[in-house]
């Protein structure tokens, strides 16, 4: 089983690398056959090539992600939240995502499902 | 599709009714064929009889649950956190759970997966 401290540290690094735009760093956190569903309800993207394409997509904004609240780890699964702050040329937008991940015993992410909610105020 | 405000209010009522021990109230939030996985990784319990048995189990403690942080809603799915405070005869224990739920269009819960983590400090 993956170690709880390791799993929480991967959550931190994932959010930090999202902010830094470190796509290769993010992809390296995942197992080869990992899949993501972001946001939940959309088609899954599976495998490192699909993940690389997803994480390297330029959305024209530079959001700052910050992990908030406790990460909840059960076995090889985790759920955690992070705030997303976006500066749209002077207009500040904030939102929250909860992400859930599964890990393999080597500590690599095997799946990720994201619940990004534009109406979820991280300061509420 | 279920309404965002409704979904968030169900999260609140779920946590309040857990604290109150209102098992029938909790079961009434679910669709007839709903299933739960609590904690994640354990066998699913499906149908109202199984849910009633699960929520009415007396664990010999009276935890106080309080929803914390933003609830993240995407379509008919939600992820939210709540703190769990337990008074063990003068010894205070605190932990956090993240729960994810899916809803049907009528606003009933169709599934719930729980990530309760005894090491997740809600005050950290």
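Residue numbers (this note's numbering), protein chains in the order written: chain S, 5 to 128; chain D, 5 to 128.
Backbone N, C-alpha and C fix where the C-beta goes; we use that ideal spot for every residue, glycine too.
Segment limits, alpha helix (DSSP H) that includes residue i
| i | result |
| --- | --- |
| residue 96 of chain S | Taken as a continuous stretch (DSSP letters only), residue 96 of chain S belongs to no alpha helix (DSSP H), being part of the beta strand (DSSP E) at 95-107. |
Own chain residues within Cβ distance below 6 Å of residue i, not counting five before or after
| i | result |
| --- | --- |
| residue 22 of chain S | 69 |
| residue 59 of chain S | 27 and 30 |
Interface residues of chain S facing residue i [CB-CB closer than 9 Å]
| i | result |
| --- | --- |
| residue 47 of chain D | Result: empty, since nearest Cβ-Cβ is about 14 Å, beyond 9 Å. |
| residue 128 of chain D | 73 and 74 |
| residue 104 of chain D | 44, 83, 102, 104, 117 and 119 |
Integer Cβ distance of residue i from residue j, believed to fall under 8 Å
| i | j | result |
| --- | --- | --- |
| residue 118 of chain S | residue 7 of chain S | Their Cβ separation, rounded to whole angstroms, is 23 Å, which puts residue 118 of chain S and residue 7 of chain S out of contact at 8 Å. |
| residue 19 of chain D | residue 104 of chain S | Wrong, their Cβ atoms sit about 19 Å apart, outside the cutoff. |
| residue 90 of chain D | residue 100 of chain D | Not really, about 12 Å apart at Cβ, beyond 8 Å. |
| residue 83 of chain D | residue 106 of chain D | So it is not a contact: roughly 11 Å between Cβ atoms. |
| residue 124 of chain D | residue 74 of chain S | 4 Å |
| residue 14 of chain S | residue 77 of chain S | With a Cβ gap of about 10 Å, residue 14 of chain S and residue 77 of chain S do not count as contacting. |
Opening and closing residue of the beta strand (DSSP E) in which residue i lies
| i | result |
| --- | --- |
| residue 92 of chain S | 81-92 |
| residue 73 of chain D | 68-78 |
| residue 116 of chain S | 113-121 |
Interface partners of residue i on chain D, CB under 9 Å
| i | result |
| --- | --- |
| residue 121 of chain S | 8, 74, 75, 76, 77, 78, 82 and 83 |
| residue 35 of chain S | Correct list: empty, because the minimum Cβ distance to chain D is about 18 Å. |
| residue 32 of chain S | Within 9 Å Cβ-Cβ: nothing; residue 32 of chain S doesn't reach chain D, min ~25 Å. |
Same chain, Cβ closer than 8 Å to residue i, five either side skipped, listed in chain order
| i | result |
| --- | --- |
| residue 55 of chain S | 30, 31, 34, 38, 40 and 49 |
| residue 51 of chain D | 36, 37, 38 and 39 |
| residue 17 of chain D | 29 and 33 |
| residue 108 of chain S | 6, 35, 80 and 114 |
| residue 92 of chain S | 65 |
Beta-carbon neighbours of residue i, restricted to chain D and to distances below 7 Å
| i | result |
| --- | --- |
| residue 114 of chain S | Result: empty, since nearest Cβ-Cβ is about 13 Å, beyond 7 Å. |
| residue 101 of chain S | 76 |
Own chain partners of residue i with C-beta closer than 7 Å, once the 5 adjacent residues on each side are dropped
| i | result |
| --- | --- |
| residue 72 of chain S | 85, 86, 87 and 126 |
| residue 97 of chain S | 90 |
Cross-chain neighbours of residue i in chain S, by beta carbon under 7 Å
| i | result |
| --- | --- |
| residue 43 of chain D | 78 |
| residue 131 of chain D | Outside the shown range of chain D (5 to 128) lies residue 131 of chain D, about which nothing can therefore be said. |
Residues that residue i contacts on chain D, provided the C-beta gap is smaller than 8 Å
| i | result |
| --- | --- |
| residue 124 of chain S | 74, 75, 76 and 77 |
Legend entry - alpha helix (DSSP H) segments (min. 4 residues) lying fully within the segment 17-66 of chain D: 27-32 and 52-59
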